[in-house]
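Be aware that the sequence shown starts at 1240, since it is given in our numbering, and climbs by one per residue.
Where a beta carbon is used, it is the ideal one built from N, C-alpha and C, also for glycine.
Quick caveat: nothing in here was measured; it's all calculated off a predicted structure.
These notes are about the structure you will find just below.
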Amino acid sequence: MVCYDIGFPEVARIFAMNNVQILFVPAVWPEYAIDIWNINCAARALENGIYLAAVNRWGKEADTRMFGGSKIVSPEGNTMILVSEKGEDIIFFNIDLALQAKTRIALPYLKDMRVSFYKEHYKE
1240 MVCYDIGFPE VARIFAMNNV QILFVPAVWP EYAIDIWNIN CAARALENGI YLAAVNRWGK
1300 EADTRMFGGS KIVSPEGNTM ILVSEKGEDI IFFNIDLALQ AKTRIALPYL KDMRVSFYKE
1360 HYKE
């Protein structure tokens, strides 16, 4: 999934329905939309019970500043590790797939999804 796609729940849902366990999201997200970035990252991870590795550019292009803020988000929607918003960095994180399995049982959004309800709408 790339950048702006993070704002569309359906994109992440399709990956999750195809048994993706970790979703990587490279992005060039602007500083003025940092709150939207944080909400979208947490929401996509939580609603799909997946880990999300969100990698955002840091620096400036023309008049737009990108804030960095790369992160790993758990299937529960919690930020597990956050890169500094003041420069470049490298992070390492051990993914716990058992936590993902437990989360999907505790929060069964994928299992409880009513596909028939959406099918008619997306036909158009």
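Just how far apart, CA to CA, sit residue i and residue j?
| i | j | result |
| --- | --- | --- |
| LYS1325 | ARG1283 | 25 Å |
| PRO1248 | TRP1268 | 17 Å |
| LYS1350 | ARG1252 | 12 Å |
| ASP1328 | SER1309 | 9 Å |
| ILE1334 | TYR1290 | 8 Å |
| ILE1245 | VAL1264 | 8 Å |
| LEU1285 | GLU1270 | 23 Å |
| LEU1346 | ALA1292 | 20 Å |
| THR1318 | ASN1277 | 9 Å |
| ALA1255 | PHE1306 | 28 Å |
Taking all protein chains shown into account, decide if residue i is buried (16 or more other Cβ within 10 angstroms of its Cβ) or exposed.
| i | result |
| --- | --- |
| ASN1295 | buried |
| VAL1354 | exposed |
| PRO1314 | buried |
| GLY1316 | buried |
What would DSSP say about residue i, mapped onto helix, strand or coil?
| i | result |
| --- | --- |
| LYS1358 | helix |
Go to residue i, then tell me how far its beta strand (DSSP E) extends in each direction, as first and last residue.
| i | result |
| --- | --- |
| PRO1265 | 1261 to 1266 |
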